[in-house]
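Q: Taking numbering that gives the first Met the number 0, I'd label the letters of the sequence shown as residues 0 to 309.
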Amino acid sequence: MGLDSNRKPNLKVNLASIEMKNPVMSASGTFGSGHEYSKLFDISKLGAIVTKAVTLEARGGNPLPRIYETPSGMLNAIGLQNKGVERFIQEDLGFLTEGDLPVIVNVAGDTMDDYVSVAERLSKSGLVRGLEINISCPNVKRGGMAFGHDPKEAATLTSLIRRASDLPLIVKLTPNVGEIEEIARAVEASGADAVSLINTLVGMAIDVDTFKPRLANVTGGLSGPAIRPVAVAMVYRVAKAVKIPIIGMGGITTAQDAIEFFLAGATAVAIGTANFTKPSVTLDIIKGIEEFLEAKGIREVSEIVGQVRA
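1) Which of the three DSSP states, helix, strand or coil, is assigned to glycine 296?
2) Taking the alpha-carbon of phenylalanine 87 as reference, which of Leu55, Pro64, Asn61 and Arg65 has the nearest alpha-carbon?
3) For alanine 183, report the span of its alpha helix (DSSP H) as first-last.
4) Can you name, in chain order, every residue of its own chain whose Cβ lies under 7 Å from the Cβ of alanine 118, other than the five neighbours on each side?
5) Could you tell me how far apart the beta carbons of isoleucine 48 and methionine 24 are, in whole angstroms, since I believe they sit closer than 8 Å?
6) At the 8 Å Cβ level, is valine 229 part of the contact set with chain C, yes or no?
7) Does the beta-carbon of alanine 309 have 16 or more other beta-carbons within 10 angstroms, so that it is buried, or is it exposed?
8) Work out the CA separation of alanine 188 and valine 307 for me, nearest whole Å.
9) Cβ atoms of alanine 254 and isoleucine 284: under 8 Å apart, would you say?
10) Taking 8 Å as the threshold (C-beta atoms), are isoleucine 179 and arginine 236 in contact?
11) Looking only at its chain, what residues have a beta carbon closer than 8 Å to the beta carbon of isoleucine 258, apart from the 5 residues adjacent to it on each side?
12) Is the beta carbon of phenylalanine 30 closer than 8 Å to that of asparagine 198?
13) Under 8 Å, do alanine 240 and arginine 184 count as touching if we go by C-beta distance?
14) Take the Cβ of leucine 39 as the centre, count every other Cβ of all protein chains shown within 10 Å, and call the residue buried at 16 or more, exposed below.
15) Is DSSP giving leucine 14 helix, strand or coil here?
16) Whose C-beta lies closer than 6 Å to the C-beta of isoleucine 246 among residues of the same chain, with five residues either side of it excluded?
17) Given a cut-off of 8 Å on the beta-carbon distance, is the pair serine 158 and glycine 147 in contact?
18) Quick one: Cα of phenylalanine 260 to Cα of threonine 173, how far?
19) Which residues does DSSP pair with serine 222 in a beta bridge?
20) Short of 6 Å in beta carbon distance, which residues of its chain neighbour alanine 76, apart from the five on each side in sequence? Order them along the chain.
21) Looking at alanine 15: is its Cβ nearer than 8 Å to the Cβ of proline 244?
22) Going by DSSP, name the residue or residues bridged to valine 201.
23) Could you tell me the distance, in whole angstroms, from the CA atom of valine 127 to the CA atom of lysine 211?
24) Got a sec, what are the start and stop residues for the beta strand (DSSP E) serine 25 sits in?
25) Tell me the rounded alpha-carbon separation between glycine 125 and glutamine 80.
26) Rounded to whole angstroms, how far is the Cβ of threonine 50 from the Cβ of serine 37, which I believe are closer than 8 Å?
27) Measure the beta-carbon distance from proline 224 to glycine 250 and round it to whole angstroms, keeping in mind my assumption that it falls under 8 Å.
28) If you scan the region 34-91 from start to end, which runs of the alpha helix (DSSP H) of 4 or more residues do you find wholly inside it?
29) Smallest Cα separation from threonine 69: which of Gly271, Ala204 and Leu282?
30) To the nearest angstrom, how far is the alpha carbon of threonine 276 from that of serine 116?
31) Just grab the DSSP bridge partners of leucine 130 for me.
32) Under the assumption that valine 300 contacts valine 12 (Cβ atoms under 8 Å), give the Cβ distance between them as a whole number of angstroms.
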């Protein structure tokens, strides 16, 4: 079906009842709460913003050094540094919700009760459009990836949050498991409205002069272009396993990268590490997706979702 020459492609998507003007959002942990980036470009042009992880109490994060650049990405061990949910609601949500940009808050915690408490507080604020449940951070000693490794634990946590909030629930999955499909199916059955994947891969770098790890935390999460083929493969696998929408992420730097994720089965994409090298990269990707669809005579983004000819 061709595209009317007088009509631009429709980039709008519906992600678990969250209406987005386009399928491109920020990835949690790389965009803060948007304050800094809003000084560099109009963040309201994004499809949605996903904030840095928010926990019940404030966290200082891991000791320095906690970032190390690799030839094709970066290792980080930030450790979920944040101001805590109450200050986040008071200081950040008002700014974020001034326009029509859907705000999705990444939720983390040490215990299941922590997650539920944060979800309840955010839901009661009336300012949040969705919750991304972080069961995949590899840089904390408790919570995070501990819940993402076990289908039963992931299912229990999802069920508890589902009962505590009516907001769309997006569960962020870790690639550091044997069968990511099992986790995806478990959270879908327990009330998740969507899944996002992948979070970072566990990695390590060593200084050969000092014989010491490059990160104080010893290991960290690897992100950037190096992990994109892994991420695309996992999105492809999960898309075959569940019926809920998928947000694809991992090493996206161009519109072509994003389109790979759509073809693999993602409804939307999130941009992470690339924000550090070019803060306005998300706008380039949105424009590039539109140009791709127009060149191919495709009217809707949804027409290419899951259309890889494997």
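Backbone N, C-alpha and C define an ideal beta-carbon position, used for all residues, glycine too.
A: Let's see:
1) Taking the sequence shown and counting its residues from 1, one reaches residue 296 at position 297. Here glycine 296 sits in coil by DSSP.
2) As a position in the sequence shown, residue 87 is number 88, starting the count at 1. The shortest Cα separation from phenylalanine 87 among Leu55, Pro64, Asn61 and Arg65 belongs to Leu55.
3) Start at 1 with the first residue of the sequence shown, and residue 183 comes out as number 184. Unbroken alpha helix (DSSP H) run through alanine 183: 179-188.
4) For the purposes of this step, residue 118 is taken as residue 119 along the sequence shown, with counting starting at 1. Closer than 7 Å at the Cβ level, and outside the excluded window around alanine 118, lie Val106, Leu130, Ile160, Ala163 and Ser164.
5) One-based indexing of the sequence shown puts residue 48 at position 49. One-based indexing of the sequence shown puts residue 24 at position 25. The C-beta separation of isoleucine 48 from methionine 24 comes to about 6 Å, placing the pair in contact by the 8 Å criterion.
6) No chain C is part of this structure, which consists of one protein chain only.
7) Here residue 309 is taken as the residue at index 310 of the sequence shown, counted from 1. The residue is exposed, with fewer than 16 neighbouring Cβ atoms inside 10 Å.
8) Along the sequence shown, one-based indexing puts residue 307 at 308. Along the sequence shown, one-based indexing puts residue 188 at 189. If I take the Cα positions, the gap works out to 26 Å.
9) Residue mapping note: residue 284 aligns to position 285 of the sequence shown, counting from 1. Residue mapping note: residue 254 aligns to position 255 of the sequence shown, counting from 1. A contact, by the Cβ cut-off of 8 Å.
10) Position 237 of the sequence shown holds residue 236. Position 180 of the sequence shown holds residue 179. It is a contact, given that the beta carbons lie within the stated cut-off.
11) Translated into the one-based positions of the sequence shown, residue 258 becomes position 259. Result list for isoleucine 258: Ile288, Phe291 and Ile303, in chain order.
12) For the purposes of this step, residue 198 is identified with residue 199 of the sequence shown, where counting begins at 1. For the purposes of this step, residue 30 is identified with residue 31 of the sequence shown, where counting begins at 1. The criterion of a C-beta distance shorter than 8 Å is not satisfied by asparagine 198 and phenylalanine 30.
13) Taking the sequence shown and counting its residues from 1, the one referred to as residue 240 is at position 241. Taking the sequence shown and counting its residues from 1, the one referred to as residue 184 is at position 185. Inclusion of alanine 240 and arginine 184 in the CB contact set at 8 Å is warranted, their separation being smaller than that value.
14) The sequence position of residue 39 within the sequence shown is 40, counting from 1. Answer is exposed; the Cβ neighbour count stays below 16.
15) For the purposes of this step, residue 14 is identified with residue 15 of the sequence shown, where counting begins at 1. Strand at leucine 14.
16) Position 247 of the sequence shown, counted from the first residue, corresponds to residue 246. Around isoleucine 246: Ser195, Ala267 and Ala269.
17) Reading the sequence shown from its first residue, position 159 is the one you call residue 158. Reading the sequence shown from its first residue, position 148 is the one you call residue 147. A distance of 8 Å or more separates the beta carbons of serine 158 and glycine 147.
18) One-based indexing of the sequence shown puts residue 260 at position 261. One-based indexing of the sequence shown puts residue 173 at position 174. Taking the straight line joining both Cα atoms gives about 17 Å.
19) Translated into positions along the sequence shown, residue 222 becomes position 223. Beta-bridge pairing links serine 222 to Met73.
20) Reading the sequence shown from its first residue, position 77 is the one you call residue 76. If the five residues before and after alanine 76 are omitted, its C-beta is found closer than 6 Å to the C-beta atoms of Asn61, Arg65, Asn138, Leu214, Asn216 and Gly219, all from its own chain and listed in chain order.
21) Indexing the sequence shown from 1 puts residue 15 at position 16. Indexing the sequence shown from 1 puts residue 244 at position 245. Yes, Cβ-Cβ distance for alanine 15 and proline 244 is below 8 Å.
22) Position 202 of the sequence shown, counted from the start, is the residue given in the question as residue 201. When beta bridges are read from the DSSP output, valine 201 appears opposite Gly220.
23) Taking the sequence shown and counting its residues from 1, one reaches residue 127 at position 128. Taking the sequence shown and counting its residues from 1, one reaches residue 211 at position 212. The C-alpha of valine 127 lies about 43 Å from the C-alpha of lysine 211.
24) Translated into positions along the sequence shown, residue 25 becomes position 26. Segment 23-25, the beta strand (DSSP E) holding serine 25.
25) In the sequence shown, counting from the first residue as 1, residue 125 sits at position 126. In the sequence shown, counting from the first residue as 1, residue 80 sits at position 81. Rounded to whole angstroms, glycine 125 to glutamine 80 spans 24 Å at the Cα level.
26) Taking the sequence shown and counting its residues from 1, one reaches residue 50 at position 51. Taking the sequence shown and counting its residues from 1, one reaches residue 37 at position 38. Between serine 37 and threonine 50 the Cβ distance is about 13 Å, and since that is not below 8 Å, they are no contact.
27) In the sequence shown, residue 224 corresponds to position 225, counting from 1. In the sequence shown, residue 250 corresponds to position 251, counting from 1. Indeed they touch by this definition, with Cβ atoms about 4 Å apart.
28) The region 34-91 contains these whole alpha helix (DSSP H) runs: 34-37 and 84-87.
29) Position 70 of the sequence shown, counting from 1, holds the residue named residue 69. Here the closest residue by C-alpha is Ala204.
30) Your numbering for residue 276 matches position 277 in the sequence shown. Your numbering for residue 116 matches position 117 in the sequence shown. One C-alpha to the other measures close to 35 Å.
31) Translated into the one-based positions of the sequence shown, residue 130 becomes position 131. Answer by DSSP bridge pairing, in chain order: Val104 and Leu168.
32) Translated into the one-based positions of the sequence shown, residue 300 becomes position 301. Translated into the one-based positions of the sequence shown, residue 12 becomes position 13. That belief holds up - the Cβ atoms of valine 300 and valine 12 are roughly 6 Å apart, short of 8 Å.
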